[in-house]
Amino acid sequence: MTPTTTKAQQIWQVLGQIPCGKVVSYGQLAELAGLPGYARFAGTTLRQLPNDSALPWHRVINASGRISFPEGSPKFMVQKQRLQAEGVLFANARILMANYRWQP
DNA sequence: ATATTGACTTGGC
DNA sequence: TGCCAAGCCAATA
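Now the structure itself:
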């Protein structure tokens, strides 16, 4: 990375590599980006993505295996929809990280 | 420059 | 499982 690389850029860089049908937690995303302890920042960063972003922000869920949006909210539904479309199965509003977690 | 707010996590019941 | 208190770090107000 260049001397001007920002933390947000590091997050985006990793985000773009998550393959279809796989997911990572905010904390894992931060770690893979070389920013351990920045789980919360990962969320802050995703929040700034434009709604039409091509980046797979929907492949990021919390450590509990759940979508970090209030159930039923527009964002929640879009995320769940996209994940299911990629073959990710939900068991009681929860994703089994053991099966879908991405490991580079 | 200080205070509040989150798309978070972990450890303890 | 579930709820809670702490700890965390940048964006916002």
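The opening position of the first sequence corresponds to residue 41 in the working numbering, with each subsequent residue numbered one higher. Don't be surprised by glycine CBs; every beta carbon is placed ideally from N, CA and C.
(request) Taking only the alpha-carbon atoms, compute the straight-line gap between Arg80 and Gly67 and give it to the nearest angstrom. (result) As a position in the first sequence, residue 80 is number 40, starting the count at 1. As a position in the first sequence, residue 67 is number 27, starting the count at 1. Using only the alpha carbons, I get a separation of about 8 Å.
(request) On a CA-only basis, which of Leu95, Pro59, Arg99, Thr46 is nearest Gln119? Give me that one, please. (result) By one-based count along the first sequence, residue 119 stands at place 79. Looking at the Cα atoms, Arg99 is the closest of the given residues.
(message) With a threshold of 8 Å, are at least 3 pairs of Cβ atoms found where one atom belongs to the stretch 127-135 and the other to the stretch 84-96?
(response) no
(request) Assign Ala70 to one of two classes, buried (16 or more other C-beta atoms within 10 Å of its C-beta) or exposed (fewer than that). (result) Locating residue 70 in the first sequence gives position 30, counting from the first residue. Buried is the call here.
(request) Enumerate in chain order the residues of its own chain whose CB-to-CB distance from Gln121 is below 7 Å, with the five nearest sequence positions on each side excluded. (result) One-based indexing of the first sequence puts residue 121 at position 81. Answer for Gln121: no residue qualifies.
(request) Measure how close the beta-carbons of Gln50 and Gly74 come, nearest whole angstrom, since I'm counting them as under 8 Å. (result) Numbered from 1 along the first sequence, position 10 holds the residue referred to as residue 50. Numbered from 1 along the first sequence, position 34 holds the residue referred to as residue 74. Their Cβ separation, rounded to whole angstroms, is 6 Å, which keeps Gln50 and Gly74 in contact under 8 Å.
(message) Checking 8 Å against the spacing of the C-beta atoms, do Arg134 and Arg106 come in under that value?
(response) As a position in the first sequence, residue 134 is number 94, starting the count at 1. As a position in the first sequence, residue 106 is number 66, starting the count at 1. The answer is yes: Cβ separation under 8 Å.
(request) Please report how far the alpha carbon of Trp52 lies from the alpha carbon of Tyr78, in whole angstroms. (result) The residue given as residue 52 occupies position 12 in the first sequence. The residue given as residue 78 occupies position 38 in the first sequence. One C-alpha to the other measures close to 13 Å.
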